[in-house]
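Presented below is the structure to which this report refers.
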Ligand SMILES: NC(=O)c1ccc[n+]([C@@H]2O[C@H](COP(=O)([O-])OP(=O)(O)OC[C@H]3O[C@@H](n4cnc5c(N)ncnc54)[C@H](OP(=O)(O)O)[C@@H]3O)[C@@H](O)[C@H]2O)c1
């Protein structure tokens with residue numbers, strides 16, 4: 022019989038994975054992580070291929086991915102391939118392991134990104150809006166999502182959930198960690214014009230959504246992992262500045278980012294989508310941080 026308390030997380034050693042692991046352990050789950058490095062609670066991707074998913078696995082979460090903004094890596098074809106395969110192949114590996122498993126988990130949750138939707142000033146995107154077919158990052162999102170499909174008859178009772186995450190706002194990683202020191206020294210500000218949308222979610226809510234998907238039998242399909250408050254990049258910079266009691270007026274010009282990162286990946290910051298969590302809320306998820314001010318205050322609070 023399936024032990025409902027074991028969760029297997031592919032790529033669970035990072036920013037979101039660490040927060041998810043802590044939350045699951047706090048709730049009494051056993052967590053097993055698939056990593057490139059072996060460790061006490063880790064299995065490697067090669068081990069997964071050889072031995073399959075551990076018995077008693079009730080939920081599988083896919084969140085591995087080469088950091089797109091690794092400053093030490095140029096945006097070369099080789100690095101792009103790494104960005105792609107670290108998401109698509111790992112997710113495919115987990116889907117294959119579920120298909121092969123004699124004892125199936127109840128749910129397979131895979132992260133994706135709002136880069137699926139085309140940046141636009143006017144269009145509002147909900148989960149059933151089209152996308153995934155206009156540039157490298159959108160095609161990556163679509164292929165990443167497709168890799169999680171469980172299209173064999175014996176998997177029909179395994180729920181498949183895809184969470185299209187916005188920029189994750191949390192004190193221990195991601196955008197807040199990248200922007201902390203420039204803001205601290207008073208040289209923070211919006212990116213480019215700051216008018217572009219900034220789809221975001223607090224780390225407690227991306228973790229909360231994954232736990233919600235694990236625990237609720239009615240949850241399957243696509244969910245937008247974005248907070249209800251739609252903001253611009255400038256709104257985010259102002260909220261972070263207010264939370265830190267620092268000015269947020271010095272814009273970071275697009276040409277600097279394009280030169281540092283190449284235009285194709287700098288787009289994640291210089292462009293944005295208006296995304297709403299329509300289905301996520303319809304399914305009953307209650308956001309803990311609905312507005313960017315409270316989210317930024319939480320990130321900066323002194324513990
Ligand atoms: N943070 C955000 O704002 C955000 C927004 C939207 C979507 N996402 C997606 O959510 C996922 C988790 O995000 P995160 O912020 O927690 O990322 P993260 O801190 O960079 O962690 C991702 C994990 O992926 C594994 N990984 C890295 N490079 C890999 C490679 N080349 N091959 C296989 N595994 C690799 C690493 O685990 P090991 O070193 O243990 O192997 C790492 O701990 C990522 O796929 C990311 O694209 C994140």
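In our numbering, the protein residues as written are 22 to 324.
C-beta: ideal position from N, C-alpha, C; glycine also.
These figures come from a predicted structure and were not determined experimentally.
Check	Outcome
Am I right that residue 300 and residue 244 are in contact with their C-beta atoms under 8 Å? What's the rounded C-beta distance?	6 Å
Would you kindly work out how many angstroms separate the C-alpha atoms of residue 254 and residue 76, rounded to a whole number?	45 Å
Please determine if the region 183-199 and the region 219-238 are in contact, where contact requires at least 3 C-beta pairs separated by less than 8 Å.	yes
Just list the residues that DSSP pairs residue 13 with in beta bridges.	Outside the shown range of the chain (22 to 324) lies residue 13, about which nothing can therefore be said.
Whole angstroms are fine: how far does the CA of residue 231 sit from the CA of residue 174?	25 Å
Going by the C-beta, is residue 34 closer than 8 Å to any heavy atom of ligand 1?	yes
Excluding the 5 residues flanking residue 132 on each side, which residues of the same chain have their C-beta closer than 7 Å to its C-beta?	83, 84, 184, 186
Compare the Cα-Cα distances from residue 317 to each of 104, 262, 148, 112 and report the closest residue.	262
Spell out the partners DSSP gives residue 245 in its beta bridges.	185
Classify residue 281: buried if its beta carbon has 16 or more other beta carbons within 10 angstroms, exposed otherwise.	exposed
What are the partner residues of residue 53, as DSSP defines its beta bridges?	29
Kindly indicate which three-state DSSP category residue 109 falls into: helix, strand or coil?	helix
Alpha carbon to alpha carbon, how far is residue 270 from residue 74?	50 Å
Using 8 Å as the cut-off, classify the Cβ of residue 58 as near or not near the heavy atoms of ligand 1, replying yes or no.	yes
Give the range of the beta strand (DSSP E) segment to which residue 283 is assigned.	Looking at the DSSP string, residue 283 is not in any beta strand (DSSP E), and its letter there is neither H nor E.
Using a threshold of 8 Å, is the CB atom of residue 64 nearer than that to any non-hydrogen atom of ligand 1?	no
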